[in-house]
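Q: Chains A and B, in that order, give the protein sequences. Under my numbering, read the first sequence as residues 30 to 443, first letter to last. Under my numbering, read the second sequence as residues 30 to 443, first letter to last.
There are 2 protein chains.
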Amino acid sequence: MDFVIVSAPAQSAIEIMENSAAKRVKVIHFYTAGFGETGGEEGKRLEEKVAGIARRSGVRVVGPNCMGVYSPQYGISWRLDFPMQKGGTVAFFSQSGWHATDSIKLGAARGFQFNKVVSYGNACDLNESDFLEYFTEDPETKIIVAYLEGVREGKRFLQLLRRVAPIKPVIVLKAGRSEAGARAIASHTGSLAGEEVVWDSLIRQAGAIRVYNLDELADTLLAFFYLPVAKQRGVAVIGSGGGPSVQSADDCASARLSVFPFPAEIRRKLHEFTPKAGTSVRNPIDFPFYWTSQELYQSIKIVAALREAHLLIAHISVDYLLTVPGGREKIGELSQAIMRAGKEIGKPLAMVLRQCGLLENYRVALEEQEKFIEAGVPVYPTIARAAQALNSMVQYYRFTDSFYRQGRIEVGTF
Amino acid sequence: MDFVIVSAPAQSAIEIMENSAAKRVKVIHFYTAGFGETGGEEGKRLEEKVAGIARRSGVRVVGPNCMGVYSPQYGISWRLDFPMQKGGTVAFFSQSGWHATDSIKLGAARGFQFNKVVSYGNACDLNESDFLEYFTEDPETKIIVAYLEGVREGKRFLQLLRRVAPIKPVIVLKAGRSEAGARAIASHTGSLAGEEVVWDSLIRQAGAIRVYNLDELADTLLAFFYLPVAKQRGVAVIGSGGGPSVQSADDCASARLSVFPFPAEIRRKLHEFTPKAGTSVRNPIDFPFYWTSQELYQSIKIVAALREAHLLIAHISVDYLLTVPGGREKIGELSQAIMRAGKEIGKPLAMVLRQCGLLENYRVALEEQEKFIEAGVPVYPTIARAAQALNSMVQYYRFTDSFYRQGRIEVGTF
Chain A
30 MDFVIVSAPA QSAIEIMENS AAKRVKVIHF YTAGFGETGG EEGKRLEEKV
80 AGIARRSGVR VVGPNCMGVY SPQYGISWRL DFPMQKGGTV AFFSQSGWHA
130 TDSIKLGAAR GFQFNKVVSY GNACDLNESD FLEYFTEDPE TKIIVAYLEG
180 VREGKRFLQL LRRVAPIKPV IVLKAGRSEA GARAIASHTG SLAGEEVVWD
230 SLIRQAGAIR VYNLDELADT LLAFFYLPVA KQRGVAVIGS GGGPSVQSAD
280 DCASARLSVF PFPAEIRRKL HEFTPKAGTS VRNPIDFPFY WTSQELYQSI
330 KIVAALREAH LLIAHISVDY LLTVPGGREK IGELSQAIMR AGKEIGKPLA
380 MVLRQCGLLE NYRVALEEQE KFIEAGVPVY PTIARAAQAL NSMVQYYRFT
430 DSFYRQGRIE VGTF
Chain B
30 MDFVIVSAPA QSAIEIMENS AAKRVKVIHF YTAGFGETGG EEGKRLEEKV
80 AGIARRSGVR VVGPNCMGVY SPQYGISWRL DFPMQKGGTV AFFSQSGWHA
130 TDSIKLGAAR GFQFNKVVSY GNACDLNESD FLEYFTEDPE TKIIVAYLEG
180 VREGKRFLQL LRRVAPIKPV IVLKAGRSEA GARAIASHTG SLAGEEVVWD
230 SLIRQAGAIR VYNLDELADT LLAFFYLPVA KQRGVAVIGS GGGPSVQSAD
280 DCASARLSVF PFPAEIRRKL HEFTPKAGTS VRNPIDFPFY WTSQELYQSI
330 KIVAALREAH LLIAHISVDY LLTVPGGREK IGELSQAIMR AGKEIGKPLA
380 MVLRQCGLLE NYRVALEEQE KFIEAGVPVY PTIARAAQAL NSMVQYYRFT
430 DSFYRQGRIE VGTF
């Protein structure tokens, strides 16, 4: 037998382990909770016994206290409502089943697909290092994501992380940044959170990308999933609205992107079809609502041709456009123009569909998002979040660049 | 005539001003753009002339280059789709018409009402100090919000800000934190952004609350709009999910809230109806999905009775509950239990409806949000944002507290 999933009470764990060893089971996943994470002596002893049988028998254990394995490609899932299309390129090992579940749902909502997700809970046998090693070698995995509470084999894990980071982006959500978080971890998976400052510098030095919550995880993942490589931080921003344009400049700067002023020649070109009142063609471009989709397309092409424009952010206000006559169609046309330009420019373009959250406006944004995703353009709810994701991506590619330049490893060794 | 709204071309501005002076118009709002914000000499001269006529004639000018006035109470609006119910207690003066518009929509989506909003653009006559002074005295205004690009009468503005902050919370979104932002401001309203570090410390020293984007503005506003006063940062967090609970602890700590450990006596009480496996009753509480709404209600009451619990955050996963049989009803029941407890405890309670953004899940979250809003409980999309808003609120009430203790002004002087 290849794979056993256990949701029987914790008290039956030893018997199940022994029977499985006799039947030469390869892997057991214990959904069951009530082990080390309770903090009680009995639970800890039980978990140690399970781990002991695993070591002796060679039966590998996922868990206990976790959701186990999701892999659409192999038809395995712990929920009926998870997407089951194949072809995802992201692998995720998560010490939290909730985070794993929430991330798969976020993928469905925002347009990225996992190939393999493993929720591994207390990690009494297989742990984060085993999963990281596996995903490093797995040819189907292009991007690795990790949610960590504690790390059992710290040295091994960091060695693996340093090895894989130059080859595949590794996005790490490490919990327990605070004392309160570390306490919550102790009663969640019984893990030791470790020193925040130590972990932070180790993750970054290894070349992994650190994120702080699931939304940022999804934002960052989207950038790696869809966008071409960029190694510089110059950004051209193009959208509608004075206040939003000012905000976009501040938000890009906060995310370390460089909103460079456009040269006079570019401004002149843009002014050929853009009036001066109520607009700006410096950078950010604040374009007038009566621009045609062709004018928007043309403008993106003009600014994307600049050497300093390594990244592009486009934004439209779904809220505003829905209030003008023919607004729904206008949203579709402007979006199409952005997608068409996005495909042609060969530089990373992130799209922002601004809306206030009213149901109808949200629905329209989702409809458009679906088209952007099909066109390979990631969509963000705010310019700040788009800028943050782009910066993380640039930072990673700068790291790989300097890594290979320094010849620290031979490319292609694994 | 009381109020004239002008959307005629900029070239006709002088004639309109002179005619209005002859007819003793009180206020003119110039929607018209094409003045100082273009950066051109002609536009600047025109704006100075308008301001000159205003000074001589006593006709006050809002704008130019702005949306003007929205006040549901007096039936004035610049858009047909704005909410027109009366009774709002928030006043907003915004140098950006887009931000003003977006914020009114955000209010409709999230459940706060403005009484008066003024978008004032280039501020050639009436400026931020005039509006701040007016809202300080306005008995219908309980909370003041400002979006600032530059401030024309800096000293006067700060004096006014220091005067009003101890009486009414003032939430300030000050743009131009970055060089790129300051450049964007120059071509938006022609304002001088000023030094970021100077502004930041002046705003904070005055006792105003600084926010950095419209979402944070709405988050903070919601807390002041609905919640009772709290002056300490101890928070009890109650919700479902191990990973989410750990995240909530980290997020609260990042927002400077204190997730204090519950005493043994409280844990014992909670364990009377909570099994040990897969849960935690420390703080955060990670409650099991099979808790009844009565058990959830009871738990909130138990922890809210703690002296150290000055604030409460409750969260449920709409995503998860929608996948269990009878889940939609369960969401309703748990929500009702939280609202009922929220009304009784007399302490600030913030609600978080966690969902991934899929349309159906979002729709359900909005349905529940409406009920929470009616019950006076503000709803946030993430625990991090709830925690941030609660911290801003506590910080403000701590400021007013120390202010009155030091007897720096006599209460009731205005």
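Note that beta-carbon positions come from the ideal geometry of N, C-alpha and C, so glycine has one too.
#1: When you compare the stretch 159-175 of chain B with the stretch 110-122 of chain B, are there three or more beta-carbon pairs, one atom per stretch, that lie closer than 8 Å?
#2: What first and last residue would you give for the alpha helix (DSSP H) that runs through residue 329(A)?
#3: Using the beta-carbon count (16 or more within 10 Å), is residue 99(A) buried or exposed?
#4: Please report the distance separating the alpha-carbon of residue 383(B) from that of residue 324(B).
#5: Taking the alpha-carbon of residue 215(B) as reference, which of 337(B), 133(B), 179(B), 257(B) has the nearest alpha-carbon?
#6: Please compile the residues from chain B whose C-beta is within a distance smaller than 9 Å of the C-beta of residue 131(A).
#7: Per the DSSP calculation, residue 110(B) is bridged to which residue(s)?
#8: What does residue 216(B) touch in chain A if you count any residue whose Cβ is under 7 Å from its own?
#9: DSSP three-state call for residue 171(B): helix, strand or coil?
#10: If you draw a straight line from the C-alpha of residue 364(A) to the C-alpha of residue 245(A), how long is it?
#11: Put residue 44(A) into one of helix, strand or coil per three-state DSSP.
#12: Run through chain A and tell me which residues come within less than 8 Å of residue 178(B), C-beta to C-beta.
#13: Taking three-plus beta-carbon pairs below 8 Å as touching, is the stretch 231-239 of chain B in contact with the stretch 352-366 of chain B?
#14: Which residues, in order along the stretch 74-99 of chain B, keep a beta-carbon less than 9 Å from a beta-carbon of chain A?
#15: Within the continuous alpha helix (DSSP H) that includes residue 274(A), where are the two ends?
#16: In chain A, which residues lie with their C-beta within 9 Å of the C-beta of residue 319(B)?
#17: Look at the alpha carbon of residue 199(A) and the alpha carbon of residue 289(A), and state the distance between them as a whole number of angstroms.
#18: Less than 8 Å between CB atoms is the rule here; does residue 420(A) satisfy it with respect to chain B?
#19: Any idea which residues DSSP pairs residue 315(A) with across the strands?
#20: When you compare only the Cα positions, how much space is there between residue 256(A) and residue 423(A)?
#21: Measuring only the C-alpha atoms, how far is residue 332(B) from residue 252(B)?
#22: If you compare alpha carbons, which of 345(A), 336(A), 284(A), 310(A) is closest to residue 322(A)?
#23: Can you have a look at residue 300(A) and say buried or exposed, based on whether 16 or more other CB atoms are within 10 angstroms of its CB?
#24: Listing by chain order, which chain A residues have their CB less than 7 Å from the CB of residue 229(B)?
#25: For residue 282(B), which residues in chain A fall below 8 Å Cβ to Cβ?
#26: In or out: residue 388(B) buried (at least 16 other Cβ within 10 Å) or exposed?
#27: For residue 242(A), which residues in chain B fall below 8 Å Cβ to Cβ?
#28: Rounded to whole angstroms, what is the Cα-Cα separation between residue 38(B) and residue 131(A)?
#29: Does chain A have any CB closer than 8 Å to the CB of residue 181(B)?
#30: Can you list, in chain order, the stretches of the beta strand (DSSP E) that have 3 or more residues and sit fully within the stretch 177-242 of chain A?
#31: Tell me which residues of the stretch 113-131 of chain B have at least one Cβ-Cβ distance to chain A shorter than 9 Å, keeping chain order.
#32: In the DSSP assignment, find the unbroken alpha helix (DSSP H) run with residue 144(B) in it and report its ends.
#33: Could you tell me if residue 443(B) is buried or exposed, where buried requires 16 or more neighbouring beta carbons within 10 angstroms of its beta carbon?
#34: Alpha carbon to alpha carbon, how far is residue 137(B) from residue 335(B)? Give it in angstroms, no decimals.
#35: Mind listing the chain B neighbours of residue 174(A)? Cutoff is C-beta to C-beta under 7 Å, in chain order.
#36: Using the Cα positions of residue 412(A) and residue 258(A), report the straight-line distance between them to the nearest angstrom.
A: This is what the structure holds:
#1: yes
#2: Residue numbering aside, residue 329(A) sits at position 300 when the first sequence is read from its first letter. Per DSSP, residue 329(A) belongs to the alpha helix (DSSP H) from 322-333.
#3: As a working mapping, residue 99(A) is identified with position 70 in the first sequence. By the neighbour-count rule (16 or more Cβ atoms within 10 Å), residue 99(A) is buried.
#4: On the second sequence, residue 383(B) is found 354 positions in, with the first residue counted as 1. On the second sequence, residue 324(B) is found 295 positions in, with the first residue counted as 1. Rounded to the nearest angstrom, the two C-alpha atoms are 20 Å apart.
#5: The count along the second sequence starts at 1 and reaches residue 215(B) at position 186. The shortest Cα separation from residue 215(B) among 337(B), 133(B), 179(B), 257(B) belongs to 179(B).
#6: Taking the first sequence and counting its residues from 1, the one referred to as residue 131(A) is at position 102. Those are 270, 272, 273, 346, 348, 349, 383, 385, listed as they occur along chain B.
#7: For this step, residue 110(B) is matched to residue 81 along the second sequence. Residue 110(B) is not bridged to any residue.
#8: What you label residue 216(B) is simply residue 187 of the second sequence in a count that begins at 1. Under the 7 Å cutoff, chain A gives 309, 311.
#9: Here residue 171(B) refers to the residue found at position 142 of the second sequence. Three-state result, residue 171(B): coil.
#10: Taking the first residue of the first sequence as 1, we reach residue 364(A) at position 335. Taking the first residue of the first sequence as 1, we reach residue 245(A) at position 216. Spanning the two alpha carbons is a distance of roughly 24 Å.
#11: Within the first sequence, residue 44(A) is the residue found at index 15, counting from 1. Reduced to three states, the DSSP call for residue 44(A) is helix.
#12: Stepping through the second sequence from its first residue, residue 178(B) is reached at position 149. Result: 275.
#13: no
#14: 94
#15: Within the first sequence, the letter at position 245 stands for residue 274(A). Segment 271-283, the alpha helix (DSSP H) holding residue 274(A).
#16: For the purposes of this step, residue 319(B) is identified with residue 290 of the second sequence, where counting begins at 1. Near residue 319(B) there are no residues of chain A at all, since even the closest Cβ is about 13 Å away, more than 9 Å.
#17: Against the first sequence, residue 199(A) aligns to sequence position 170. Against the first sequence, residue 289(A) aligns to sequence position 260. Roughly 30 Å between the two C-alpha positions.
#18: Your numbering for residue 420(A) matches position 391 in the first sequence. Output row for residue 420(A): interface = no.
#19: Locating residue 315(A) in the first sequence gives position 286, where the first residue counts as 1. DSSP, once it has assigned bridges, lists 268(A), 309(A) as partnering residue 315(A).
#20: For the purposes of this step, residue 256(A) is taken as the residue at position 227 of the first sequence. For the purposes of this step, residue 423(A) is taken as the residue at position 394 of the first sequence. Their Cα atoms are separated by approximately 11 Å.
#21: The residue labelled residue 332(B) in the question sits at position 303 within the second sequence. The residue labelled residue 252(B) in the question sits at position 223 within the second sequence. Rounded to the nearest angstrom, the two C-alpha atoms are 21 Å apart.
#22: Counting from one through the first sequence, the residue named residue 322(A) turns up at place 293. Out of 345(A), 336(A), 284(A), 310(A), 345(A) has the C-alpha closest to the C-alpha of residue 322(A).
#23: Translated into positions along the first sequence, residue 300(A) becomes position 271. It is exposed - the Cβ of residue 300(A) has fewer than 16 other Cβ atoms within 10 Å.
#24: The residue labelled residue 229(B) in the question sits at position 200 within the second sequence. None at all; the shortest Cβ gap to chain A is about 13 Å.
#25: As a position in the second sequence, residue 282(B) is number 253, starting the count at 1. Under the 8 Å cutoff, chain A gives 206, 207, 208, 209, 210.
#26: If you number the second sequence from 1, residue 388(B) lands on position 359. With fewer than 16 other Cβ atoms within 10 Å, it is exposed.
#27: As a working note, residue 242(A) is residue 213 in the first sequence. Correct list: 276, 280, 411, 413.
#28: Counting from one through the second sequence, the residue named residue 38(B) turns up at place 9. Counting from one through the first sequence, the residue named residue 131(A) turns up at place 102. If you take the alpha carbons of residue 38(B) and residue 131(A), they lie about 53 Å apart.
#29: Walking along the second sequence from the start, residue 181(B) turns up at place 152. Closer than 8 Å: no.
#30: 199-203, 238-240
#31: 123, 124, 125, 126, 127, 128, 129, 130, 131
#32: Here residue 144(B) is taken as the residue at index 115 of the second sequence, counted from 1. Segment 143-148 is the beta strand (DSSP E) holding residue 144(B); no alpha helix (DSSP H) there.
#33: The count along the second sequence starts at 1 and reaches residue 443(B) at position 414. For residue 443(B), the predicted model reports a pLDDT of 34, less than 50, meaning its position is unreliable; a value from the coordinates is still stated below. The residue in question, residue 443(B), is exposed, as its Cβ has fewer than 16 Cβ neighbours within 10 Å.
#34: Mapped onto the second sequence, residue 335(B) falls at position 306. Mapped onto the second sequence, residue 137(B) falls at position 108. Going by the C-alpha atoms only, they are around 35 Å apart.
#35: Within the first sequence, the letter at position 145 stands for residue 174(A). Near residue 174(A) there are no residues of chain B at all, since even the closest Cβ is about 13 Å away, more than 7 Å.
#36: Within the first sequence, residue 412(A) is the residue found at index 383, counting from 1. Within the first sequence, residue 258(A) is the residue found at index 229, counting from 1. C-alpha separation (whole angstroms): 20 Å.
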